[in-house]
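For the sequence shown, the UniProt record's numbering gives the first residue as 1, with consecutive numbering after it.
Here the structure comes first, spelled out in structure tokens, and everything after it is commentary.
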Amino acid sequence: MGERFGRYSKYIIQERALPDIRDGLKPVQRRILYSMYKDGNTFEKGFRKSAKSVGNIMGNFHPHGDSSIYDAMVRMSQDWKNREILVEMHGNNGSMDGDPPAAMRYTEARLSEISGYLLEDIEKNTVPFAWNFDDTEKEPTVLPAAYPNLLVNGATGISAGYATDIPPHNLAEVIDATVYLIDHPKAKLDKLMEFLPGPDFPTGSIIQGQDEIRKAYETGKGRVVVRSKTEIEELKGGKQQIIVTEIPYEINKSVLVKKIDDVRVNNKVPGIVEVRDESDRSGLRIAIELKKDADTQTVLNYLLKYTDLQVNYNFNMVAIDNYTPHQVGIQKILSSYIAHRKSIIIERSKFDMAKAEKRLHIVEGLIRVISILDEVIALIRASENKADAKENLKISYAFTEEQAEAIVTLQLYRLTNTDIVTLQNEEEELGNLITTLRAIIADEATMYNVMKRELREVKKKFGNPRRSQLQKEAETIEIDTASLIVEEETFVSLTQGGYIKRTSPRSFNASTLEEIGKRDDDSLIFVASAKTTQHLLIFTDLGNVIYRPVHELQDIRWKEIGEHLSQTITNYGNDEKVLYAELVDDFKSGTYYSVTQLGQIKRFERAELAPWRTYRSKSLKYAKLKNEQDRIIAVQPILFEDIMLISHQGYALRFSNEEVPVQGLKTAGVKAMNLKKDDYIASAFLAYTDSFFVLTQRGSLKRVATEDIPQTSRANRGLLVLRELKNKPHRVFLAGAVKGLASNKTIDLFSDPQTDSEASLRLLVISKTGQEYLVDLGGYSVSERTSNGTFISDTISDQEVLSARFD
């Protein structure tokens with residue numbers, strides 16, 4: 001199998017996908033040109049049905065499918081693919097939109113004028129010929145190529161283990177560089193690039209990156225930026241539109257227009273009203289109409305960055321040189337071409353010289369005949385036949401075989417008096433021609449002068465101005481991400497179990513808050529009206545913070561469950577729970593505090609939570625935990641001075657947040673409370689209200705005046721807020737601030753005190769037997785600090801509390 005695949009690979013590398021370094025053609029292209037030339041289907045004659053040409057090519061030279069031959073022929077006729085077309089075609093030969101050409105029975109083709117220069121002198125034994133596939137006739141293995149076609153038209157191909165991408169160039173520039181290299185064989189690349197500064201695509205556009213072009217010309221590999229040519233047009237009413245007049249090489253125009261329109265449909269950048277393809281026979285034109293208040297430069301930058309209005313072109317200049325694929329720079333390409341042309345000119349000169357010498361020999365014989373005409377005529381009349389006459393001429397007058405043949409076949413009308421002058425003139429011309437040809441063959445300088453003259457003739461006849469504009473530096477596209485977001489009103493919700501969604505106002509307002517889609521054992525922890533320009537910060541109990549721009553959240557109906565954080569955040573733990581979430585407009589200011597169950601506290605700045613590079617897939621640490629059992633129990637922005645800590649065994653400690661140092665995200669913090677053995681912090685909150693509530697594990701609830709816990713310093717034990725019992729002692733299950741003694745108004749433990757409504761706060765308590773109790777905290781009066789409060793029901797003490805949350 002290896003041996004067979006090796007043979008197959010060798011064949012497709014040498015004989016199918018890669019161009020020859022000398023004439024720049026793949027075998028199928030060479031066969032198309034040669035077959036059409038041989039059949040007289042040339043520029044100065046009429047067009048011929050493509051099907052006839054394809055049939056001849058397939059029958060004589062290329063034993064493959066007719067579609068592959070026709071496709072190659074069509075490509076050679078497309079002026080948006082080739083800098084100089086080699087085949088002229090009548091009829092539909094495809095389009096820049098990727099439309100297929102008409103079938104070959106409908107189209108007509110002939111060689112273009114410039115392709116005649118690729119085939120010029122092929123009949124003068126200038127190139128080697130090989131037998132075709134069935135050994136019935138011979139085909140050229142390379143064409144004479146009167147100009148460097150490999151660089152002019154470029155090449156694209158994929159074979160086994162090799163691929164090639166050579167861009168098209170300007171004919172005049174390539175010839176200028178070739179002529180200079182003929183005169184200066186050791187010319188440096190920088191000097192050649194003065195004549196050949198870069199590619200010249202048939203579709204125009206802007207090519208950026210001179211250093212990359214130089215690298216590609218030196219090594220055969222490099223990458224340049226190809227950018228569409230655009231301009232801004234003013235419309236009525238102060239509106240503008242972006243007009244695209246040239247697009248990058250080998251970009252499908254209809255696909256490009258659709259991608260730009262998809263940007264408009266999906267609102268990926270605000271401000272696009274309509275995208276129109278206004279191209280016609282006068283030229284390419286794509287119009288992108290903008291809204292009156294649109295930022296034109298931002299829209300253009302976005303389209304350049306995220307659509308094919310700007311692409312990278314990768315040079316990979318691989319060509320077949322001496323039956324072997326090589327990655328080559330332009331010095332190698334041009335020097336190989338010059339060596340090829342040298343061989344062509346010398347072989348052509350030898351052919352012409354042999355023909356001229358043969359004719360001169362005959363002309364000399366005819367001139368001698370005229371001076372002894374009467375004797376020759378008498379000799380011929382006395383001869384028995386043509387062979388005898390030839391023999392007599394050779395014996396009597398020492399004519400050679402060729403001269404004797406010419407004399408006996410001479411027509412009588414040629415024996416006029418004026419013919420001697422014609423023959424003498426011809427003799428002189430042939431003598432001069434032979435002298436010239438001998439000089440070309442023997443003297444390299446003369447031969448190179450002929451080569452340069454012929455190249456300049458091609459340039460003079462076919463040279464045309466450059467279409468692609470070259471720019472030295474590749475321009476970096478900078479886009480202000482905020483300007484791409486369309487500001488819309490939306491609702492963001494998050495559950496403790498980690499389900500998140502963004503809901504349209506229409507879906508949200510069509511449902512009640514209770515109708516939110518969620519699991520039965522999950523609870524809604526955050527819901528807020530938001531703008532798509534805002535940012536969401538999500539803090540978990542494992543000390544991780546997750547960042548989500550609101551506009552990147554999935555838009556999901558209110559009654560659906562939403563997207564789980566673990567779907568995108570790879571390091572989201574199975575037992576991780578959401579503790580707190582917050583919408584922010586920016587990351588310029590703001591300070592948070594966090595408290596762990598095992599008694600550590602810290603402050604950290606919001607600025608450190610600014611979006612990180614991998615925010616889409618990874619969370620960021622905001623606090624370090626002591627061990628695997630430790631958890632964050634509270635994290636909040638610091639909006640008020642005092643922090644209150646309540647331990648599981650009922651100790652309460654109040655101190656100023658100024659006592660807590662501001663630290664980096666990866667630190668564990670400092671000691672918050674002097675805990676007894678087996679005690680831990682049950683709740684932490686900002687002491688910004690007149691009172692706070694305490695709920696015990698036995699279902700007892702009470703309110704305590706904040707002033708009963710005087711402000712002391714961090715790391716103390718604190719004061720008891722429960723009375724110790726010998727049997728079934730009360731332990732703190734949950735505690736939090738309660739707003740307003742007189743008004744009985746409350747506030748959510750996790751809400752922003754500055755924006756919270758004045759609605760009563762209700763606590764939903766669920767017992768271990770599944771019984772639910774809805775408690776209005778406003779209905780409780782302030783109790784003594786050391787009391788154990790009142791049970792929320794007669795049976796709750798035996799059932800015990802399983803969970804409690806704000807309803």
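Here a beta-carbon is modelled for each residue, glycine too, at the ideal position from N, C-alpha and C.
Apart from the 5 residues on each side of it in sequence, Glu489 sits with its Cβ closer than 6 Å to the Cβ of Pro505 in its chain, given in chain order. DSSP, read as helix, strand or coil, puts Gln469 in strand.
Separation of the CB atoms of Asn41 and Leu111 is rounded to 6 Å, and the pair is thereby assigned contact status at 8 Å. Proximity to Arg281 across Asp555, Leu665, Met96 and Met36 peaks at Met96, based on C-alpha coordinates. The beta carbon of Ala51 sits closer than 7 Å to those of Met104 and Arg105, all from its chain and outside the five residues before and after it, given in chain order.
For Ala17, the three-state secondary structure derived from DSSP is helix.
The continuous alpha helix (DSSP H) containing Asp374 extends over residues Leu373 to Ala382.
Linking Glu454 to Thr178 through their CA atoms gives a straight-line distance of about 12 Å. Apart from the 5 residues on each side of it in sequence, Met36 sits with its Cβ closer than 6 Å to the Cβ of Ser53 and Leu111 in its chain, given in chain order. Boundaries of the alpha helix (DSSP H) harbouring Ile441: Asp419 to Ala442, taken from the DSSP string. Listed as beta-bridge partners of His535 by DSSP are Pro549 and Val584. The beta carbon of Gly590 lies closer than 6 Å to those of Arg606 and Pro637 in the same chain, with the five residues before and after it left out. Ranked by Cα distance from Gln327, the options Asp679, Pro19 and Ser783 are led by Pro19.
DSSP places Pro140 in the uninterrupted beta strand (DSSP E) bounded by Lys138 to Pro140. In this structure Ile643 is in contact with Ala687, their Cβ atoms being roughly 7 Å apart against a cut-off of 8 Å. Between Ile286 and Val263, the C-beta spacing is not below 9 Å. Rounded to the nearest whole angstrom, the CA to CA distance from Pro729 to Asn788 is 9 Å. In the displayed model, Lys10 falls within a helix according to three-state DSSP. Boundaries of the alpha helix (DSSP H) around Asp66: Asp66 to Met76. In the displayed model, Ile681 falls within a strand according to three-state DSSP. Take the alpha-carbon of Phe315 and the one of Asp630: they are about 57 Å apart. Per DSSP, the unbroken beta strand (DSSP E) holding Val492 starts and ends at Glu489 to Thr495. Every unbroken stretch of the beta strand (DSSP E) spanning 3 or more residues and falling wholly within the stretch 304-332 is given here in chain order: 310-316, 318-321 and 324-327. For Lys626, no alpha helix (DSSP H) segment is defined, and its DSSP state is neither H nor E.
Relative to the Cα of Thr512, the nearest Cα in the group Val142, Arg557, Thr533 and Val545 belongs to Arg557. DSSP places Ala668 outside both helix and strand once states are collapsed to three, so it counts as coil.
For Ser594, the closest C-alpha among the options Glu563, Val545, Thr245 and Gly573 is that of Val545.
In this structure, Gly198 sits near Leu470, with a CB-CB distance shorter than 9 Å. Counting along the chain, no alpha helix (DSSP H) covers Thr126, and no H or E run does either. Beta-bridge partners of Thr156 (DSSP): Asp165.
For Asp99, no pairing in a beta bridge is given by DSSP.
Residue burial is scored here from C-beta neighbours: Arg519 has fewer than 16 other C-beta atoms within 10 angstroms and is therefore classed as exposed. Remark: three or more beta-carbon pairs, one from each stretch, lie closer than 8 Å, so the stretch 651-661 and the stretch 708-721 are flagged as touching.
From the listed residues Phe693, Ala404 and Lys677, the smallest Cα separation to Val363 is found for Ala404.
By the C-beta density criterion, Ala684 is buried, having at least 16 other C-beta atoms within 10 angstroms. Residues Arg703, Val704, Ala705, Thr706, Val738, Leu741 and Val782 of the same chain have their beta carbon placed closer than 7 Å to that of Ser691, with the five preceding and five following residues left out of the count.
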